[in-house]
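K.L.:
Taking this note's numbering, I'd label the letters of the sequence shown as residues 61 to 630. A virtual CB, placed ideally from N, CA and C, is assigned to each residue, including glycine. Note that the structure is predicted; figures quoted are calculated from it, not measured.
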Amino acid sequence: MISYKEQIAQILSAQIEGLEKEEIVNMIETPADSKMGDYAFPCFKLAKILRKAPPMIAKNIAEAVSDNDIFDKVENVNAYVNMFISKEAFAREVVTEAVAKGDDYGRSDIGQGRKVIVEYSSPNIAKPFHIGHIRSTVIGNSIYKIYDFLGYDTMRINHLGDYGTQFGKMICAYRRWGNKEDVINAPIQTLLSYYTKFHEEAEKDPSLEDEARAIFTKLEHGEPEEVELWQWFREESLKEFNRVYDMLGITFDSYNGESFYSDKMPRFVKELEDKGILEEDDGAQIVRLDDYNLPPALITKSDGSTLYITRDIAAAVYRKETYDFYKNIYVVASQQNLHFQQWIQIIEMLGYEWARDCVHVPFGLVSMEDGTMSTRQGRVIFLEDVLNRAVEQTKQIIIDKNVNTENIDETAKEVGIGAVVFNELSNYRIKDYVFSWDKVLNFEGETGPYVQYTHARACSIMRKAGDDIVTKAASGFDPKYITGDAAHELIKLIYTLPDVILEAGEKYEPSIVTRHIVDIAQAFNKFYHDEHILVDNEDEKIAKVALVMAAKAAIKNGLGLLGMKAPEKM
Ligand code: ARG
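Laid out in structure tokens, this is it:
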């Protein structure tokens with residue numbers, strides 16, 4: 061597709077001395093109010109160079125370029141050159157491209173197959189998969205999809221929290237008070253109850269702590285009985301996590317979590333030692349980070365056991381050596397900002413020049429309307445329950461609304477789960493937000509169901525138009541029928557989708573895509589209300605159906621990047 065900014069800069073540069081074309085590209089604005097044109101060029105900067113008043117310069121430029129075919133009209137308003145691009149040429153260009161590319165509209169090869177690792181979700185084994193985990197899971201999945209669409213060779217890693225002293229406690233508790241059936245029936249709930257029980261009992265009998273520590277040491281040394289139990293806990297927990305991943309349509313390329321690195325750590329402890337970075341502190345080994353205004357990082361405890369941070373150092377080096385990544389992205393809560401600053405700094409101190417290719421993508425907290433969230437006191441909201449409730453409620457809405465759909469259960473699933481996902485990706489990720497059922501399942505507001513419904517409406521128009529018209533629209537149309545205000549605004553939004561996807565990737569910010577497809581859906585619905593689409597005049601009908609097809613492709617692809625389905629009927 062042609063870049064209008066580039067073309068306009070080319071045209072303007074012939075009139076402007078003293079500014080490079082690249083500079084002009086960056087100066088071109090897109091006015092929020094379309095009465096001020098599709099593009100505007102401010103002339104303030106030129107006053108110094110040309111020694112003339114900016115409005116005068118704007119007037120001269122406007123007159124000089126207004127004859128160009130690319131414009132319908134060029135005006136100067138004060139110091140601005142306001143340019144109205146040819147609506148017909150624009151409509152032909154954009155709609156033809158979006159219809160031709162369809163599911164690939166917005167795709168790019170800018171990534172040139174470079175390796176990008178996206179690490180996300182990463183829950184802790186034997187701990188509840190609660191509503192808080194939705195954030196890393198859904199934001200990470202969308203970032204992965206965006207990078208994939210941009211032509212990177214992506215890899216999804218679930219860095220499971222499957223290691224650490226808590227497993228000593230859990231095994232200890234299982235042996236003392238546990239039983240097999242309970243674990244199989246409700247793995248996470250049961251394992252969690254062991255953990256809680258352990259802490260209660262250890263308060264009365266502190267020797268339990270020693271027992272648990274000894275068990276963990278055995279696990280670290282690969283004692284078969286301990287390893288077997290740990291592995292079994294891990295598998296049972298994963299089964300439960302996978303139920304949620306299935307609902308969300310999420311899979312991973314690797315589940316190498318913390319335990320995977322347990323035997324890879326001595327190398328790094330030695331490397332840190334050899335480079336003189338490691339310091340002894342009361343029997344423990346630490347790295348001082350005073351020079352970087354960071355508190356010291358604890359690398360090994362006084363009993364020799366390694367820590368979360370040591371495993372992250374090992375994991376990053378392993379990934380570099382195994383996958384040679386261009387970028388290694390971590391979608392992890394902002395509470396861990398310090399942790400990431402510390403270990404990435406340590407990687408840099410070790411002399412690995414790729415340290416800054418490790419990117420921490422933080423996000424804020426989610427809480428429930430009624431204030432429930434606390435993991436202590438067992439007031440946990442399981443993510444699975446939230447998704448199930450969303451599906452049930454959506455099914456009820458579909459029944460109440462008497463929606464025409466062949467498969468109610470399938471649609472309820474796509475819309476209900478999609479609603480939760482969309483809601484999650486609606487705000488800037490760094491913001492804290494409150495989960496509200498009213499907001500999530502509203503079919504009218506700026507919500508997932510609204511956007512999906514708009515997509516289904518576009519599909520319904522295409523069905524009504526019939527195969528013959530749809531086929532004709534795909535092979536050509538007269539753009540003069542889609543130059544009305546509503547059509548033009550919609551086409552502009554379809555046109556900018558590829559840039560929006562690029563920006564969302566650069567900023568690791570899926571909400572930019574979310575907001576844009578809400579805008580497209582709103583513009584589409586305005587077009588739908590302002591104009592008759594399936595008119596008698598066949599040429600007019602074909603052109604309008606082509607625009608409907610272009611909008612449908614844009615919305616569908618946007619939803620796909622968020623990890624959502626786009627049902628054709630609802
Ligand atoms: N398992 C950790 C948690 O639930 C998140 C892991 C984040 N990833 C990492 N490489 N440190 O808090």
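With a threshold of 7 Å (Cβ to nearest heavy atom), would Ala375 be considered close to the ligand ARG?
P.N.:
Yes, the beta carbon of Ala375 sits closer than 7 Å to at least one heavy atom of the ligand ARG.
K.L.:
At which residues does the beta strand (DSSP E) containing Lys175 begin and terminate?
P.N.:
Where Lys175 is concerned, the enclosing beta strand (DSSP E) stretches over Lys175 to Glu179.
K.L.:
Should Met61 go down as buried or exposed, given a rule of 16 or more other Cβ atoms within 10 Å for buried?
P.N.:
Exposed is the call here.
K.L.:
Mapping DSSP to helix, strand and coil, what is Gly508?
P.N.:
In this structure, Gly508 counts as helix in the three-state DSSP scheme.
K.L.:
Name the residue from Asp372, Ile490 and Tyr207 whose alpha carbon lies nearest to the alpha carbon of Asp169.
P.N.:
Taking only the C-alpha atoms, the option nearest Asp169 is Tyr207.
K.L.:
Quick check on the DSSP output: the alpha helix (DSSP H) that includes Leu338 runs from which residue to which?
P.N.:
Where Leu338 is concerned, there is no enclosing alpha helix (DSSP H), although the beta strand (DSSP E) it sits in stretches over Leu338 to Asp341.
K.L.:
Any contact of the region 598-615 with the region 141-159, i.e. 3+ C-beta pairs under 8 Å?
P.N.:
Counting Cβ pairs under 8 Å, three or more are found: they touch.
K.L.:
Under 8 Å by Cβ, that's how I've got Gly508 and Val481 pegged, so tell me the actual separation to the nearest angstrom.
P.N.:
About 7 Å; that satisfies the 8 Å criterion.
K.L.:
State the start and end residues of the unbroken beta strand (DSSP E) segment that holds Met96.
P.N.:
Taken as a continuous stretch (DSSP letters only), Met96 belongs to no beta strand (DSSP E), as it is neither H nor E.
K.L.:
Determine the DSSP secondary structure at Ser73, reduced to helix, strand or coil.
P.N.:
In the structure shown, Ser73 sits in a helix (DSSP, three-state: H, G or I).
K.L.:
Measuring CB to CB, does Phe101 end up less than 8 Å from Tyr140?
P.N.:
It is a contact, given that the beta carbons lie within the stated cut-off.
K.L.:
Have a look at Gln401 and Thr574 and give me their C-alpha separation to the nearest angstrom.
P.N.:
About 29 Å.
K.L.:
DSSP state of Glu331, grouped into three classes?
P.N.:
In the structure shown, Glu331 sits in a helix (DSSP, three-state: H, G or I).
K.L.:
Near Ile615, what residues of its chain come up, given a Cβ to Cβ distance below 8 Å and the 5 sequence neighbours on each side ignored?
P.N.:
If we look at Ile615 and ignore the five residues flanking it on each side, its Cβ neighbours are Val511, Thr514, His515, Ala518, Ile577, Ile580, Ala581, Phe584 and Ala626.
K.L.:
Could you tell me the alpha carbon to alpha carbon distance between Ile457 and Arg489, rounded to whole angstroms?
P.N.:
Distance between the alpha carbons of Ile457 and Arg489 is about 29 Å.
K.L.:
In angstroms with no decimal places, state the Cα-to-Cα distance between Arg273 and Asp341.
P.N.:
Roughly 21 Å between the two C-alpha positions.
K.L.:
Can you find a heavy atom of the ligand ARG that lies under 7 Å from the Cβ of Gly78?
P.N.:
Incorrect: Gly78 has no Cβ contact closer than 7 Å to the ligand ARG.
K.L.:
What does DSSP give as the partner residues of Met143 in its beta bridges?
P.N.:
Paired residues: Tyr99 and Val134.
K.L.:
Mind pulling the beta strand (DSSP E) runs of 3 or more residues that sit fully within the region 385-465?
P.N.:
Those beta strand (DSSP E) runs which fall completely within the region 385-465 and span 3+ residues are 387-391, 418-421 and 426-428.
K.L.:
Can you pull the DSSP bridge partners for Val494?
P.N.:
Ser427, per the DSSP bridge assignment.
K.L.:
Where does Gly336 land, buried or exposed, given buried means 16+ other C-beta within 10 angstroms?
P.N.:
Looking at its Cβ environment, which holds fewer than 16 other Cβ atoms inside 10 Å, Gly336 is exposed.
K.L.:
Roughly how many angstroms lie between the CA atoms of Thr435 and Lys257, to the nearest whole one?
P.N.:
Only weak support is given to the placement of Thr435: the predicted model assigns it a pLDDT of 48, under 50, and the question is left unresolved by the model.
K.L.:
What distance in whole Å lies between the Cβ atoms of Leu550 and Leu607, which are believed to be in contact at a cut-off of 8 Å?
P.N.:
Rounded, the Cβ-Cβ distance is 7 Å, consistent with contact.
K.L.:
Cα separation between Asp313 and Arg167?
P.N.:
Spanning the two alpha carbons is a distance of roughly 22 Å.
K.L.:
How is Val481 classed by DSSP in three states: helix, strand or coil?
P.N.:
The answer is helix: DSSP assigns Val481 an H, G or I state.
K.L.:
Is it the case that the CB of Gly508 approaches a heavy atom of the ligand ARG more closely than 7 Å?
P.N.:
Result no, Cβ not under 7 Å from the ligand ARG.
K.L.:
Please determine whether the Cβ atom of Gly221 lies at a distance below 7 Å from any heavy atom of the ligand ARG.
P.N.:
Yes, the Cβ of Gly221 comes within 7 Å of a heavy atom of the ligand ARG.
K.L.:
Determine whether the beta carbon atoms of Ala376 and Pro422 lie at a separation below 8 Å.
P.N.:
The answer is no: Cβ separation not under 8 Å.
K.L.:
Under 8 Å, do Gly97 and Asn142 count as touching if we go by C-beta distance?
P.N.:
Cβ atoms of Gly97 and Asn142: closer than 8 Å.
K.L.:
What does DSSP give as the partner residues of Glu89 in its beta bridges?
P.N.:
Looking at the DSSP assignment, Glu89 forms a beta bridge with Ala100.
K.L.:
Report the rounded CA-to-CA distance for Asp498 versus Ile521, giving the unit in angstroms.
P.N.:
Spanning the two alpha carbons is a distance of roughly 29 Å.
K.L.:
If you draw a straight line from the C-alpha of Ile88 to the C-alpha of Val560, how long is it?
P.N.:
Each residue's alpha carbon lies about 17 Å from the other.
K.L.:
Does DSSP put Asp545 in a helix, in a strand, or in coil?
P.N.:
If DSSP states are grouped into helix, strand and coil, Asp545 belongs with the helices.
K.L.:
In the DSSP assignment, what residue or residues form a beta bridge with Gln291?
P.N.:
According to DSSP, which records beta bridges pairwise, Gln291 is partnered with nothing at all.
K.L.:
Can you check which of these residues, Glu381, Asn218, Asn302 and Trp403, is closest to Leu349 by C-alpha distance?
P.N.:
Checking every option, the nearest Cα to that of Leu349 belongs to Trp403.
K.L.:
Is Thr366 helix, strand or coil when you go by DSSP?
P.N.:
In this structure, Thr366 counts as strand in the three-state DSSP scheme.
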